[in-house]
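Numbering (full-length UniProt numbering), first residue to last: 1 to 990.
C-beta: ideal position from N, C-alpha, C; glycine also.
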């Protein structure tokens, strides 16, 4: 036989296409022309009209159950289509991705909800998040179209061939018992004798008399007494009356003599029915021509209000040729003896569609399916897509004028609506009925009345359904309309919809309170990344469904533009509601009310953790006040004085009255000196306008976060890291994303760099680690793939480096333009009490930070700034070398002592003046006093109270197994401190 055209629902690569190819190959047809349709109804319509030769449609799956819509369509199109056979396809789900993508690159898998449910265990084990798509092959197509490299599709292996994807894994379904049964349909029934030699199956549908007790038992007994086996029985509610009555080819066969004549022609028995009836679908494992089957069916008719034989065909087979072996020819649908075949209005319209995106294509399918001539135009080239739908493609809008369209649908987005209207040729608009389908109506109405010529009819519509909800037809679905400037019967062109008259203004007022809330809520919930749960309530399931329904609007810009119009139309602004709810949530369970007579503090400060360093220092000070001989190694403060030149400069400022305000960002003299110093020592070229001098480096970090991080934004830092609580002022940031140092920078990727800022302290507080150039280059290489991330390089300890020179991060290729370099005078110049630091960076960021400072402290101390100028010159060279040598001796002593303590491990720091030993071996032990430290905080508390030694818990730095020790003190104090620590740890028994 010639190469047949076979229709299926879906896009190329669908399981239905695989079933089509396999079923016809099993019947001896090696090549077919497979043609995909958007909906099952589209396939039935095309087959009944002769647009295709055959159709292959699923009716049940061993895991998902019956596809009820196809049973209903079989009933609707009964007499116009016939069952030729069936085919069972084993569904083997395959994980597909773009060429070159590896399995460990995949973060999400997209597919039809049923396929996702059937691979749930596999995805969960693989750590892959499910993402709902329209269908399986459609998801594969979307992965290709959008170039998604972190998303795989779950589809057939055939889809991989069709769409050029690679197979990452095969057979990933959780249950191997996954089979789908398909029916093969044709316009011509198998001729008499065609099933000889085949094991046959007969499908029937009937509605028993509802007023007879035990009628279903009696109906089934007609088969049991004749030893006829059943393979399927299923019930479905249906509209009363003739089985098959509706919008399909059997429509029109109603009551009376005309109905009886139609019944005689198509084998349907008609009995008046009650208001609500149940229909039963039954598959019999016998042929319809056998005597026993004929007697059983005759008996069944007697007890039913409605009855039909849907078809007789081979069991899991297909007959394409009559018994004599001659090629079967397609026959026209049988006459209906007066029953009128109707799919739409009698008048054949010429329909133009401008904008051939998702909704434009949806409209085109519906109008082509109703027998109208459709012409489409759009900015993009959709010629192939249009041809596959039976739509005439018009590449030039001017050519639409020559086609004399009756109705012109403008199916563009709200963003381009007015521009598209103004670009349309005037002759096209003069006599046509122009219809919009925007979801915001007042804007569309005003625009069309202002732009279109007065001779053009204007109809504003909003179909309250889309390609998904209307995929099986729009019969009865609501469509609101406003005849802005149109004839009274203009809305009839929407044939089949339930037309609801509503003014554009009233529509927008209602939409602002319903549609907007729906989409906004769906977008908000999608940010929470909700996942199905085995203990989900019905309410939670409804939320998941809402996320699915609002997951993929065209764009965020379109969403904002549309909702902004709704805000204007309805006068509704939800910001106040959100703010009020947020306030109530945060207030509930926040800090308890202040005692009588005291002032309540804010919830932000109440939730802010105290600095671990400050907490220990305060306790040490209190113990000293009580007369305890406390040695504190908790504060990072050199035990020597600044250079003499610095002290003299401070005295000079006082003597000469230099105690007035300076410029907000610091004196020009100090900022110029900083620029000269960075150019000389680091090769970094800044202008004074790129420097802000602050009250210490902490203020610089605080201002950088406030200036550059949006509320709810994230910052990233390696751990152990300096106490980050100072980077969260007044809810300035959201999450702090921690990257463990052992994996730095190899684990620094998209998930960790989703925020606006990376904070990099080098040399490190608290570990004293100094990142060498190679490690910094590794970080820079990752950052080049994330241009949105700003680097805050905290280099306050850069003068204290032991074995390798410090490398300024801003000197690396491509990093200067995105790096804020924080430095100061507290550590290298021993000027802790002067509270003077600075930050250098790009002009825009520095200007923003100066704006923050102007609303905070204003300029730093003028006296400190005067001393800072001297420090830039005199704190380097010989002073810095002597200070580093001093710190090196102390470092070596402390590390040696710590390594000599059983249970303590300590790396050798390469910068700053801290060591960060691991002491977790002592957790859970008990001292003679009864103290039993269980973490770093309780261990430090124990050492302070029993040995009067102040150390800082590592928990505050993100390393709960460690403690921080500052060796920036005298050698005598260090010797005594190490004795006390060794003694205190030795008291802790296992």
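Limits of the unbroken alpha helix (DSSP H) element including residue i
{"i": "residue 892", "result": "878-899"}
{"i": "residue 85", "result": "It is not in any alpha helix (DSSP H) - residue 85 instead sits in the beta strand (DSSP E) that spans 82-90."}
{"i": "residue 846", "result": "843-854"}
In DSSP terms, what residue i is bridged to
{"i": "residue 304", "result": "208"}
{"i": "residue 105", "result": "For residue 105, which the question treats as bridged, DSSP gives no partner whatsoever."}
{"i": "residue 914", "result": "966"}
{"i": "residue 367", "result": "Per DSSP, none; premise fails for residue 367."}
{"i": "residue 76", "result": "Answer by DSSP bridge pairing: none, since residue 76 is not bridged."}
{"i": "residue 201", "result": "313"}
{"i": "residue 631", "result": "949"}
Residue i CB to nearest heavy atom of the ligand ATP below 7 Å
{"i": "residue 449", "result": "Although the ligand ATP was asked about, the structure shown includes no ligands whatsoever."}
Own chain partners of residue i with C-beta closer than 7 Å, once the 5 adjacent residues on each side are dropped
{"i": "residue 830", "result": "638, 640, 641, 642"}
{"i": "residue 670", "result": "693, 865, 868, 869"}
{"i": "residue 744", "result": "With a pLDDT of only 48 at residue 744, under 50, the local geometry of the prediction cannot be trusted, and the value read off the model is given with reservation. If we look at residue 744 and ignore the five residues flanking it on each side, its Cβ neighbours are 718."}
{"i": "residue 429", "result": "452, 453, 456"}
{"i": "residue 941", "result": "none"}
{"i": "residue 650", "result": "863, 866, 867"}
{"i": "residue 550", "result": "518, 519, 522, 523"}
Other residues of its chain near residue i: CB distance less than 6 Å, five sequence neighbours each side excluded
{"i": "residue 412", "result": "355, 420"}
{"i": "residue 766", "result": "720, 914, 916, 957, 964"}
{"i": "residue 700", "result": "694, 822, 837, 839"}
{"i": "residue 375", "result": "352, 392, 394, 403"}
{"i": "residue 20", "result": "6, 8, 34, 56"}
{"i": "residue 763", "result": "770, 797, 911, 912"}
{"i": "residue 116", "result": "130"}
{"i": "residue 438", "result": "414, 444"}
{"i": "residue 658", "result": "862, 866"}
{"i": "residue 132", "result": "113, 548"}
{"i": "residue 546", "result": "522"}
{"i": "residue 624", "result": "630"}
Where the beta strand (DSSP E) through residue i begins and ends
{"i": "residue 626", "result": "Here residue 626 belongs to no beta strand (DSSP E), and DSSP marks it neither H nor E."}
{"i": "residue 111", "result": "108-111"}
{"i": "residue 233", "result": "230-238"}
{"i": "residue 757", "result": "757-761"}
{"i": "residue 821", "result": "819-824"}
{"i": "residue 280", "result": "277-284"}
{"i": "residue 57", "result": "54-61"}
{"i": "residue 479", "result": "478-485"}
{"i": "residue 534", "result": "Residue 534 -> no beta strand (DSSP E), and no H or E assigned at all."}
{"i": "residue 186", "result": "179-186"}
Rounded Cβ spacing between residue i and residue j (contact assumed at less than 8 Å)
{"i": "residue 757", "j": "residue 708", "result": "6 Å"}
{"i": "residue 47", "j": "residue 55", "result": "5 Å"}
{"i": "residue 364", "j": "residue 407", "result": "So it is not a contact: roughly 12 Å between Cβ atoms."}
{"i": "residue 922", "j": "residue 896", "result": "20 Å between Cβ atoms; not a contact."}
{"i": "residue 617", "j": "residue 635", "result": "6 Å"}
{"i": "residue 661", "j": "residue 859", "result": "6 Å"}
{"i": "residue 794", "j": "residue 761", "result": "4 Å"}
Proximity below 8 Å, CB of residue i to CB of residue j
{"i": "residue 123", "j": "residue 168", "result": "no"}
{"i": "residue 278", "j": "residue 235", "result": "yes"}
{"i": "residue 71", "j": "residue 281", "result": "yes"}
{"i": "residue 207", "j": "residue 284", "result": "no"}
{"i": "residue 13", "j": "residue 112", "result": "no"}
{"i": "residue 61", "j": "residue 180", "result": "yes"}
{"i": "residue 139", "j": "residue 18", "result": "no"}
{"i": "residue 31", "j": "residue 89", "result": "no"}
{"i": "residue 808", "j": "residue 684", "result": "yes"}
{"i": "residue 317", "j": "residue 85", "result": "yes"}
{"i": "residue 37", "j": "residue 77", "result": "no"}
{"i": "residue 182", "j": "residue 288", "result": "no"}
{"i": "residue 704", "j": "residue 792", "result": "yes"}
{"i": "residue 297", "j": "residue 204", "result": "yes"}
Own chain residues within Cβ distance below 8 Å of residue i, not counting five before or after
{"i": "residue 784", "result": "814"}
{"i": "residue 230", "result": "220, 223, 282, 283, 284, 285"}
{"i": "residue 935", "result": "923, 953, 955, 960"}
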